[in-house]
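Under the numbering used here, the first residue of the sequence shown carries the number 8, and numbering increases by one thereafter.
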Amino acid sequence: MKSLALSKILSKVNPVHWTRKILLTLLTSVALWVIGISISAIPNWEPTRFAIDSNSNVFRSPEFSVDLNDLYKIGIEFNLSNGDKVDCFLEDGIESENCHLNHHLNAEWILYSDGYEINHGFSRDKVKLGGNTMGQGGWSGRNLEFRNIGEFRGARNNKYILEVRFLDNIAEIMPTKPKVVVAMNYWSRIGYMDLAGIFELLSFIMFAVTIFLIINRVWHNRGELKKVDSIAGKQAH
């Protein structure tokens with residue numbers, strides 16, 4: 008009878024069943040983490056960026072493609088060494104007394120694909136948002152300014168060339184080392200990053216479950232092994 012009880016206890020300590028559970032949760036955690044990292048890494052958030060120099064008023068990008076069928080912003084990025092100049096280039100921004108730069112940027116952009124013009128616009132074009140008409144705006148940081156001048160809806164794997172023509176003298180902006188940037192629409196990017204974050208959070212939860220299962224199994228086995236020792240001791244007597 009005691010041998011039968013001992014056999015039942017030892018069968019509970021058998022690691023095969025619970026090892027499968029732990030491996031399954033651990034593999035699920037790794038798979039979710041890989042999916043999250045892949046979502047955040049696959050899209051090319053900035054398909055192209057190129058510098059502007061003072062030798063010309065017309066600039067062309069290298070040929071580029073986009074990874075997703077989504078909205079892409081065209082903008083000019085400025086590096087501002089003087090903190091007082093923040094928002095100088097934003098059409099709806101607040102100008103400080105020391106801001107002498109022309110924030111009403113005057114530029115035309117033309118988008119080509121397969122040698123044909125497929126889209127164009129001007130930096131002074133207005134956009135509609137929530138029933139209101141306003142400038143295209145942008146964003147600013149401590150020493151960085153991004154001014155939107157247009158947008159287009161990209162098609163995955165299509166080849167594009169972007170041409171930007173400045174219609175006024177650009178000598179004034181050259182100290183800011185300006186660059187033309189094509190970047191995925193901010194809200195689309197946030198959506199992808201949020202989705203990636205959800206998968207990474209689920210991965211963390213599954214990893215925590217794995218740790219819990221390991222601790223729980225070790226604690227449970229200790230109890231079962233104590234019973235084994237107790238029965239074995241009694242049998243020895």
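Where a beta carbon is used, it is the ideal one built from N, C-alpha and C, also for glycine.
Subject >> Enclosing beta strand (DSSP E) for S120 [first to last residue] >> reply: The residue labelled residue 120 in the question sits at position 113 within the sequence shown. Per DSSP, the continuous beta strand (DSSP E) segment holding S120 begins and ends at A114 to S120.
Original post:
Thinking just about the alpha-carbon of each residue, which of G122, L87, S130 and L174 is nearest to the one in N150?
Top reply: Here residue 150 refers to the residue found at position 143 of the sequence shown. Considering only alpha carbons, the answer is L87.
Original post:
Per DSSP, which one or two residues make a beta bridge with K166?
Top reply: Your numbering for residue 166 matches position 159 in the sequence shown. Residue pairing by DSSP puts K166 in a beta bridge opposite S72.
Original post:
By DSSP, does E53 sit in helix, in strand, or in coil?
Top reply: To locate residue 53, count along the sequence shown from 1; it is residue 46. Coil, per DSSP.
Original post:
Which one of R67, L169, P54 and V65 has the shortest CA to CA distance from N76?
Top reply: The residue given as residue 76 occupies position 69 in the sequence shown. Relative to the Cα of N76, the nearest Cα in the group R67, L169, P54 and V65 belongs to P54.
**OP:** Could you have a look at I83 and say whether DSSP puts it in helix, strand or coil?
**Re:** Position 76 of the sequence shown, counted from the start, is the residue given in the question as residue 83. I83 falls in the strand class under three-state DSSP.
Subject >> Where G128 falls: helix, strand or coil (DSSP) >> reply: As a position in the sequence shown, residue 128 is number 121, starting the count at 1. If DSSP states are grouped into helix, strand and coil, G128 belongs with the strands.
Subject >> C-alpha gap between E207 and V73, whole angstroms >> reply: Walking along the sequence shown from the start, residue 207 turns up at place 200. Walking along the sequence shown from the start, residue 73 turns up at place 66. Distance between the alpha carbons of E207 and V73 is about 25 Å.
Subject >> DSSP-derived helix/strand/coil call for N155 >> reply: The count along the sequence shown starts at 1 and reaches residue 155 at position 148. Assignment of N155 by DSSP, reduced to helix, strand and coil, places it in the strand class.
**OP:** Taking only the alpha-carbon atoms, compute the straight-line gap between L174 and N164 and give it to the nearest angstrom.
**Re:** For the purposes of this step, residue 174 is taken as residue 167 along the sequence shown, with counting starting at 1. For the purposes of this step, residue 164 is taken as residue 157 along the sequence shown, with counting starting at 1. Between L174 and N164, the C-alpha separation is close to 31 Å.
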